Amino acid sequence: MDRPDAVIFDIGNVLIEWRPERYYDHLMGRTARQRMFAAVDLHAMNEAIDRGAPFLETVEAWARAHPAWSAMVMHWHNNWPDLATPEIPETVATLRALKARGTAVFLLSNIGAETFALAARRYPFLAEADRLYLSGPMQVTKPDPRIYAMVEADCGLPPGKLLFVDDRRENIAAAAARGWRTHLFDGPAGWNARLRAEGILSGEETE
Numbered sequence: 009m010d011r012p013d014a015v016i017f018d019i020g021n022v023l024i025e026w027r028p029e030r031y032y033d034h035l036m037g038r039t040a041r042q043r044m045f046a047a048v049d050l051h052a053m054n055e056a057i058d059r060g061a062p063f064l065e066t067v068e069a070w071a072r073a074h075p076a077w078s079a080m081v082m083h084w085h086n087n088w089p090d091l092a093t094p095e096i097p098e099t100v101a102t103l104r105a106l107k108a109r110g111t112a113v114f115l116l117s118n119i120g121a122e123t124f125a126l127a128a129r130r131y132p133f134l135a136e137a138d139r140l141y142l143s144g145p146m147q148v149t150k151p152d153p154r155i156y157a158m159v160e161a162d163c164g165l166p167p168g169k170l171l172f173v174d175d176r177r178e179n180i181a182a183a184a185a186r187g188w189r190t191h192l193f194d195g196p197a198g199w200n201a202r203l204r205a206e207g208i209l210s211g212e213e214t215e
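In structure tokens:
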């Protein structure tokens with residue numbers, strides 16, 4: 009079987025749950041959170057950070073621009089690790105099983121340098137990847153084709169030798185358009201089945 013030479017993991021909602029709405033629901037209640045998210049596009053703020061904007065300065069600027077919600081906006085910076093939690097243990101185990109097999113494991117994620125550093129302190133397994141491709145330092149985010157081209161140029165592997173898992177259809181589609189093997193993540197069971205089908209891991213290693 010022609011197996012992939014490297015497996016590339018997204019981070020958010022593949023290795024670590026990323027549910028900011030859940031954090032704010034717990035903090036302020038669902039109704040108030042819905043009002044805030046309607047008034048303040050926090051995901052747009054986060055996308056700027058993912059593209060390399062400075063973390064604290066960006067959140068502070070958005071807080072000043074929305075004084076009615078400023079204290080809650082600052083939670084995005086001051087309590088960021090609690091927005092990105094918990095880890096998804098089955099997928100982490102799969103990453104480690106791949107490493108134990110000698111398969112190259114990369115991370116490709118829309119995340120800022122500072123937010124990744126916070127995540128890595130809480131989740132040491134992130135440092136176990138062979139290569140890190142982080143949108144903040146790269147200053148380009150998925151699904152822009154440039155980020156996939158940058159990965160190819162850096163790792164030196166042909167697209168057909170890369171197997172990429174992500175939870176967002178647009179990111180998967182952009183990678184597939186370049187010839188990458190792809191898997192839309194909808195849970196550990198389906199991902200492990202795909203790895204078995206690719207001949208990368210055995211059933212015992214992914215159960």
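Going left to right, the sequence shown walks through residues 9 to 215 as the numbering used here numbers them. Ideal placement from N, C-alpha and C gives every residue a C-beta, glycine not left out. Quick caveat, the model's predicted, so the values are computed rather than measured.
- At a Cβ-Cβ threshold of 8 angstroms, Glu29 and Arg41 count as neighbours.
- Annotation: the continuous beta strand (DSSP E) that includes Thr190 extends over 189 to 192.
- With a contact defined as Cβ atoms closer than 8 angstroms, Leu134 and Asp18 miss out at about 12 angstroms.
- Two segments are said to touch when three or more pairs of C-beta atoms, one from each, lie closer than 8 angstroms; by this definition the stretch 41 to 59 touches the stretch 144 to 158.
- In chain order, Asp58, Arg59, Gly60, Ser117, Asn118, Ile119, Gly120, Thr149, Lys150, Ile155 place their CB closer than 8 angstroms to the CB of Ser143, counting only its own chain and leaving out the 5 sequence neighbours on each side.
- The three-state reading of DSSP puts Asp58 in helix, counting H, G and I together.
- The Cβ atoms of Leu203 and Ala14 do not sit closer than 8 angstroms to each other.
- A direct Cα-Cα distance of roughly 21 angstroms separates Arg27 from His191.
- With respect to Arg11, Ile180 sits apart: the two C-beta atoms are not nearer than 8 angstroms.
- In this model, Gly198 and Glu206 are separated by some 12 angstroms (Cα to Cα).
- With fewer than 16 other Cβ atoms inside 10 Å of its own Cβ, Thr39 counts as exposed.
- Taking a C-beta distance under 8 angstroms as the contact criterion, Met53 and Trp70 qualify as a contact pair.
- The beta carbon of Ala127 sits closer than 8 angstroms to those of Ile19, Ile24, Pro89, Ala92, Ile119, Leu134, all from its chain and outside the five residues before and after it, given in chain order.
- Separation of Arg130 and Ala185 (C-alpha to C-alpha, rounded to the nearest whole angstrom) is 34 angstroms.
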